[in-house]
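Counting from 5, one number per residue, gives the positions in the sequence shown under the working numbering.
A virtual CB, placed ideally from N, CA and C, is assigned to each residue, including glycine.
Since the model is a prediction, treat every value here as computed from it, not as a measurement.
In what follows, a single structure is set out as structure tokens and then discussed.
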Amino acid sequence: FKFKTVSKIDHPIRAVVSHSEFDIVLSYYVEDIWDVERFIRYLKNVSTIQRLSPRVIVYNKNVKISIEYLKDTLLADIVRVLPNRGREGATYLTHIIENYDTIANHTLFSQAGVEGITDVGLADWFLTRLLH
Numbered sequence: 005f006k007f008k009t010v011s012k013i014d015h016p017i018r019a020v021v022s023h024s025e026f027d028i029v030l031s032y033y034v035e036d037i038w039d040v041e042r043f044i045r046y047l048k049n050v051s052t053i054q055r056l057s058p059r060v061i062v063y064n065k066n067v068k069i070s071i072e073y074l075k076d077t078l079l080a081d082i083v084r085v086l087p088n089r090g091r092e093g094a095t096y097l098t099h100i101i102e103n104y105d106t107i108a109n110h111t112l113f114s115q116a117g118v119e120g121i122t123d124v125g126l127a128d129w130f131l132t133r134l135l136h
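Structural data, given as structure tokens:
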């Protein structure tokens, strides 16, 4: 009985490599831009998140607002355009599928319009969940 010879792999096997420790992924449509900016600022100032050097990725589903304006105003690292289909769940799934090989070690998915959040309230909310 002879074993078959294993043929050489023609393509390199891609290793899963993360380019980010922590990503904040937002689904944006028509939310108040300044509320979104404040929400991002609050998130980035939570000490537990801050230590992870978060990267902000905004998926824009509003064709009436420019990518450059969103990137500059929200201080986002990446802004991508998506068609306005499937609500935020489709946005999150798209992010996971398109970044599967390089997904961040930790990812926070959120709608861009989060109302009633303060920096202290947000920090308390995260700390109780991240530390316990």
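With DSSP as the reference, identify every bridge partner of residue i, one or two as the case may be.
i             : result
histidine 110 : Phe26
arginine 84   : Tyr63
glutamine 115 : Ser31
If you follow the beta strand (DSSP E) that residue i is in, where does it begin and where does it stop?
i         : result
valine 59 : According to the sequence provided, residue 59 is arginine. The question's valine does not apply to it. Counting along the chain, the beta strand (DSSP E) containing arginine 59 begins and ends at 59 to 64.
Taking residue i and residue j to be in contact with their CB atoms under 8 angstroms, please state how far apart those CB atoms are, rounded to whole angstroms.
i            : j             : result
serine 31    : threonine 95  : 4 angstroms
aspartate 27 : alanine 108   : 4 angstroms
alanine 80   : leucine 74    : 6 angstroms
leucine 78   : isoleucine 44 : 6 angstroms
tyrosine 63  : arginine 84   : 5 angstroms
I'd like the span of the alpha helix (DSSP H) that includes residue i, first residue to last.
i           : result
arginine 42 : 37 to 49
tyrosine 96 : 91 to 102
lysine 68   : Segment: none, lysine 68 is in no alpha helix (DSSP H) and carries neither H nor E.
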